[in-house]
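Engineer: Using the working numbering, read the sequence shown as starting at 657 and increasing by one per residue.
Every residue, glycine too, gets a C-beta built ideally from N, C-alpha and C.
Treat the numbers as computed from the prediction; the structure is a model and nothing was measured.
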Amino acid sequence: MNNMNKKIALFGVAGSGKTTKALEIIKQKINEYNLEEIAFTTYTRAGVESIKEKLEKEGIILPKTNYFRTIHSICWRLCEYDSKQKIGNKEQEEFFNKLKVPYKKREEEDVKTVGEYYLEFYEKFQNRYCKKIDSASEVEILDALKGFYETDENIGGSEIIQLTEINKFFIEWKNEKDKKMYSDALIETLEQKINLPVKIMIIDEAQDLYALQQKIVEMWFEEFEKELVVIAGDDDQCVHEWAGANPKFLIKFSEEKADETILLDKTYRCSQKIVELCNKILLKINYRKEKTMKTNLVGGKIEFELSQDYKDILERTKREEKTFLLFRTNRFKKEFADILFEFENIPFSFIDKNQSKYSKKFCSINNAIQKLSKGKNISLEEAKYLVLVTPATKLIRGVKSKFKKGKDLMVTYTPNYFFNKIMPLNLHKYSEGFELKQYLAENISFGINATDQVVKERKNDKIKNKLLCFDEIIEFNNEKKKFEHNLQLGTFHSSKGLEAETVIVITNTISYWAKIDDSELRNLYVACSRAKKHLFVTFFPFKANSTPELWEFCKNL
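The following block contains the structure:
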C-alpha cells in the first residue's frame, strides 16, 4: 500500500520509546511536507513541549503557525478564539464572588470549593457527553451531577442543587460576555465540523483521549482527507478513565481502521525482574491489546514488605540514593508530605511542578524572615506573603489591604523600609534579649481553615516552630525548585512518563477503590513500570478506611 491515506496504529509498552518513534516519523516527513502540514498532539502541554525541544536540538524550528499543540490549543485556534475570550482566574473569582459562592481555594485546604466543583463539572459534562451544556435540560444536568459526584463525600444534595443554580447563571454570564471555557472550543470544532488543515496527523497518548476528543480526532481523519494518520499510545497505560478516557478508542482503531500496526514491546527502562512482575499484572487485565513486555536489561530487585507507618517508609528511603514514592491517591501523598515537613524539614512534594501544601507560601515567608533578621533586602513576593499572614494590629494601618490589592508596590524592600513603613517594631528591638527572627515567626498566623480552635492553633504552632528550625534561605524560582534531596512524591496517575532507579509503591486505598478491576490494574502497571532497577511494594494498616485489597493482590502475583 502506498503512503497516501495510510492509517497506522502505534503501540508502545512502558519505556519503549513510543514518542521517539513518533519523532522519527515526523523527521522522515519533513523532507516531503512543510511543517505547517504536520500536526502532533498529545495529552499534556509538557508532552508537546518535549517533542518540540527534541526537534530544536536537531535544528528543526517550528513556525509560529505550527500545529504541534494540545487538542485544546488546536481547537481554540481553529475556532479563531482570542486570548481575551478565555475565562481567567480573576474573572472566575469575580463571577463567584458576585454570587457569594466560595471559589478560590486556600493553600491549606484539601477540599475543592463549590465554585471549583462547578468549573470542573462544566468541563466534564461537555467532554463526556459531547454536547453543549447550554442545550442540556435541567434533568440532564441533575442526572450528570449525581453521576459524577455520587461517591464524593464532600458533595451532598444541597450542593448538587446549588450547582444546578450556578450553571444557569454561569451560562448566561458567559454568553453575555462572549467568554469561552476550554471545552467550548472542542464542542465548536465538532459541531461546526472544522477541519484540522494538515496532511500528516500524529496523535500521541491516544489512550488518554476522552469522548469529545475521540470524536474530534475521528472526524478529522474520516471526514477530511489526510495522507498519513498515526494514532499512538498504550491501552495498558490508560489511567484517566475516571475523567472519561477509554482504551477502546486505541484498540478499535488498530482492529478496524488501521492499515498497519506497529508494536514496540521492548522497554529500555525496566530490568528483567520488574518486567516479569509487570507482565503478571498485564495478564490479569481482561480488555487489552495482547502484547508482552520485553527487556535486555538483566537483574532487578523486587520486595514486598508490610510497613508500620509513614515513618517506617521514610526510614527506608534514607537507605536509598534516589527514591520515587508513589501513592494510590493524592490524600495519602499529602499525608506523607506532611511527615516530610514535620520530621525532615522538607517543604516540597518534588514531582514535576507539584508542591506540597506548605511549599511556596512557607518558603517565601521563611526567606523573608531569614533575610530580614540578617539585614538583607526581601522581594515583593516575600514581603507580600509575610504581610498577609501578619495580624493587622502589627502593621501600619492600611498596609494589608494595599498588599491584597497588589497596587503601587515596590519590587524590593530594605529591612529599614519594612520596619518603618510596613511592620513597625516600636520598642521591641530595644528590649533585653530581643530576637528578631523569633518575633517575626511568632507573630504570624497562617490562617488555617479549621472549625476547631484547638486544631487551628496546633497547626499554626507547628508551622511557626518549623520557621524557627530553618536557618537558611531556600533557593527556588517560582516553581523551578533548587531545593535538593533524594525524594520524589507522586501518585499512580501522575507518574506516567517518569522513572527512577528505585520506586516505592504504597498500595493503600480507600473503600471505593477496593475492587481490583481493569482500571485498577492499569494504574498498578503504570506505577510498577516506573522502576528501573529496584521496586519496593508496601502497605500499612493505619486507618479503618484504608483497605488492603491491592496489597493482597500484589503479594499473590
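#1: Using only the alpha-carbon positions, how far apart do E772 and I918 sit?
#2: Could you check the C-alpha separation between T1020 and K677 for me, to the nearest Å?
#3: Taking the alpha carbon of K824 as the reference point, which residue from E847, V795, H1190 and F980 has its own alpha carbon closest?
#4: Measuring alpha carbon to alpha carbon, tell me which residue in L1036, L1180 and L1042 is nearest I1025.
#5: Less than 8 Å between the CB atoms is what I'm expecting for I1052 and I1034, so what's the real figure, rounded?
#6: Relative to the C-alpha of A670, which candidate in T1194, P1080 and K1152 has its C-alpha closest?
#7: Tell me the DSSP secondary structure of I887 in three-state form.
#8: Check whether the segment 840–857 touches the segment 770–787, counting contact only when three or more Cβ pairs, one atom from each stretch, lie closer than 8 Å.
#9: Buried or exposed: which applies to G1292, given that a residue is buried once 16 or more other Cβ atoms fall within 10 Å of its Cβ?
#10: For the candidate residues L679, I1100 and V1182, whose alpha-carbon lies nearest to that of A888?
#11: So A914 and I664 are in contact, right, with Cβ under 8 Å, and what is the actual spacing, rounded?
#12: Just curious, the alpha helix (DSSP H) that I664 is in, first and last residue?
#13: Is L1180 near the ligand PLP, going by C-beta to nearest heavy atom under 8 Å?
#14: Which class does K713 belong to by DSSP, given the choice of helix, strand or coil?
#15: Can the beta-carbon of V1242 be found less than 9 Å from the beta-carbon of K662?
#16: Identify whether G1054 lies in helix, strand or coil by the three-state DSSP scheme.
#17: Applying the 10 Å Cβ sphere with the 16-neighbour rule, what's the burial state of D749?
#18: In the DSSP output, which residue or residues are listed as bridge partners for K742?
#19: Within the continuous beta strand (DSSP E) that includes L1145, where are the two ends?
#20: Mind checking who M857 pairs with in its DSSP beta bridge?
#21: With three or more beta-carbon pairs closer than 8 Å as the criterion, would you say the segment 895–906 touches the segment 679–695?
#22: Do I856 and I694 have their C-beta atoms within less than 9 Å of each other?
#23: Among F1196, E1088, K904 and L1124, which has the Cα closest to the Cα of D1174?
#24: Looking at D891 and R636, is the spacing between their C-beta atoms short of 9 Å?
#25: For F960, does the three-state DSSP call read helix, strand or coil?
#26: For the alpha helix (DSSP H) that T973 lies in, which residues bound it at each end?
#27: What residues match up with L1124 in a beta bridge as DSSP calls it?
#28: Does the separation of the CB atoms of T1158 and T979 fall below 9 Å?
#29: Classify M837 as buried or exposed, calling it buried when 16 or more other Cβ atoms lie within 10 Å of its own Cβ.
#30: Given a cut-off of 9 Å on the beta-carbon distance, is the pair L970 and F992 in contact?
#31: Any idea if V1161 is buried or exposed, counting beta-carbon neighbours within 10 angstroms, 16 or more meaning buried?
#32: What are the boundary residues of the beta strand (DSSP E) that I918 is part of?
#33: Do I861 and Y723 have their C-beta atoms within less than 9 Å of each other?
#34: Rounded C-beta distance between K967 and K922? I'm assuming under 8 Å.
#35: At the level of alpha carbons, what is the spacing between V1111 and V1067?
#36: Between K1001 and K1122, how many whole angstroms is the CB-CB distance? I'm expecting something under 8 Å.
Structural biologist: Taking the geometry as given:
#1: Taking the straight line from one Cα to the other gives about 41 Å.
#2: Note that residue 1020 corresponds to Ser in the displayed sequence, not to Thr. Going by C-alpha positions, S1020 is about 43 Å away from K677.
#3: When each option's Cα is compared against that of K824, the closest is V795.
#4: Of L1036, L1180 and L1042, the residue nearest in Cα terms is L1042.
#5: Not a contact, Cβ separation roughly 16 Å.
#6: Put simply, of T1194, P1080 and K1152 the residue whose alpha carbon is nearest the alpha carbon of A670 is K1152.
#7: Strand at I887.
#8: Cβ pair count under 8 Å is three or more, so yes.
#9: The displayed coordinates of the chain run from 657 to 1213. Any statement about residue 1292 would go beyond what the structure contains.
#10: Looking at the Cα atoms, L679 is the closest of the given residues.
#11: 6 Å between Cβ atoms; contact.
#12: First-last for I664: K662 to G668, but that is the beta strand (DSSP E), not the alpha helix (DSSP H).
#13: Absence of the ligand PLP from the depicted structure is noted, as is the absence of any ligand whatsoever, leaving it without description.
#14: In the structure shown, K713 sits in a helix (DSSP, three-state: H, G or I).
#15: As displayed, the chain neither begins before 657 nor continues past 1213, which places residue 1242 out of reach and without an answer.
#16: G1054: coil per DSSP, three-state reduction.
#17: With the sequence shown as reference, residue 749 is identified as Glu, and Asp is not the correct amino acid for it. Only exposed fits E749, as fewer than 16 other CB atoms lie within 10 angstroms of its CB.
#18: Note: K742 sits in a beta bridge opposite K836.
#19: Looking at the DSSP string, the run of the beta strand (DSSP E) that includes L1145 is L1143 to T1147.
#20: Answer is A695 and V885.
#21: The answer is no - the segment 679–695 does not touch the segment 895–906, with fewer than three Cβ pairs under 8 Å.
#22: Result yes, Cβ atoms of I856 and I694 sit closer than 9 Å.
#23: Of the candidates F1196, E1088, K904 and L1124, the one whose C-alpha sits nearest the C-alpha of D1174 is K904.
#24: Nothing in the structure corresponds to residue 636, since the chain is present only between 657 and 1213.
#25: Looking at F960 - three-state DSSP - the assignment turns out to be strand.
#26: Bounds of the alpha helix (DSSP H) holding T973 are Y966 to T973.
#27: Within the DSSP secondary-structure output, L1124 pairs in no beta bridge.
#28: Yes. Within cutoff.
#29: Under this definition M837 is a buried residue.
#30: By the CB criterion at 9 Å, L970 and F992 fall inside the cutoff.
#31: It counts as buried.
#32: Note, I918: beta strand (DSSP E), E916 to L920.
#33: Sequence inspection shows Glu at residue 861; the Ile mentioned does not correspond to that position. Cβ distance not < 9 Å, so E861 and Y723 don't count as in contact.
#34: For a cut-off of 8 Å, the C-beta gap from K967 to K922 is around 39 Å, too long to register as a contact.
#35: So the alpha carbons of these two residues sit roughly 36 Å apart.
#36: One detail in the question is off: residue 1001 reads as Asn in this sequence, not Lys. The C-beta distance from N1001 to K1122 rounds to 7 Å, short enough to fall under 8 Å.
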